[in-house]
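*Asks:*
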Amino acid sequence: MIPGADGSRKVRWQRQVRRARLIYLNLTDEEAVLLVAVYAKVEQDNMLPKDIRKVV
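61 is the number that the working numbering gives the last residue of the sequence shown; the numbers go up by one with no jumps.
1. Count the other CB atoms within 10 Å of the CB of residue 10; is the residue buried (16 or more) or exposed (fewer)?
2. On the three-state DSSP scale, how would you describe residue 60?
3. Which residues in the same chain as residue 8 place their Cβ atom closer than 8 Å to its Cβ, once the five residues preceding and following it in sequence are excluded?
4. Which partner residues of residue 51 appear in the DSSP bridge assignment?
5. Note down, in chain order, each residue of its chain lying with its Cβ closer than 7 Å to the Cβ of residue 12, except the 5 sequence neighbours on either side.
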């Protein structure tokens, strides 16, 4: 879980030399997963919790 991001989680994904980050929110009441953001690590290190809350 990402502290201060309303229960959102981050997945780190790497394929060969490319690295990506996926931010998602598991909506258990609706039995759905909301994909919040996908970004390359070379473009952005971390997404701030306040930015994640804006999207959610």
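Note that CB positions come from ideal geometry on N, CA and C, so glycine has one too. These numbers were taken from a predicted model, which means no experiment stands behind them.
*Replies:* Taking the structure as given:
1. For the purposes of this step, residue 10 is identified with residue 5 of the sequence shown, where counting begins at 1. Residue 10 is buried by the Cβ-count criterion.
2. Here residue 60 refers to the residue found at position 55 when the sequence shown is read from its first residue. Three-state DSSP puts residue 60 in a helix.
3. Numbered from 1 along the sequence shown, position 3 holds the residue referred to as residue 8. Same-chain partners within the cutoff: 54.
4. Mapped onto the sequence shown, residue 51 falls at position 46. DSSP lists no partner for residue 51.
5. Taking the first residue of the sequence shown as position 1, residue 12 is located at position 7. Cβ neighbours of residue 12 beyond the five flanking positions: 6, 30.
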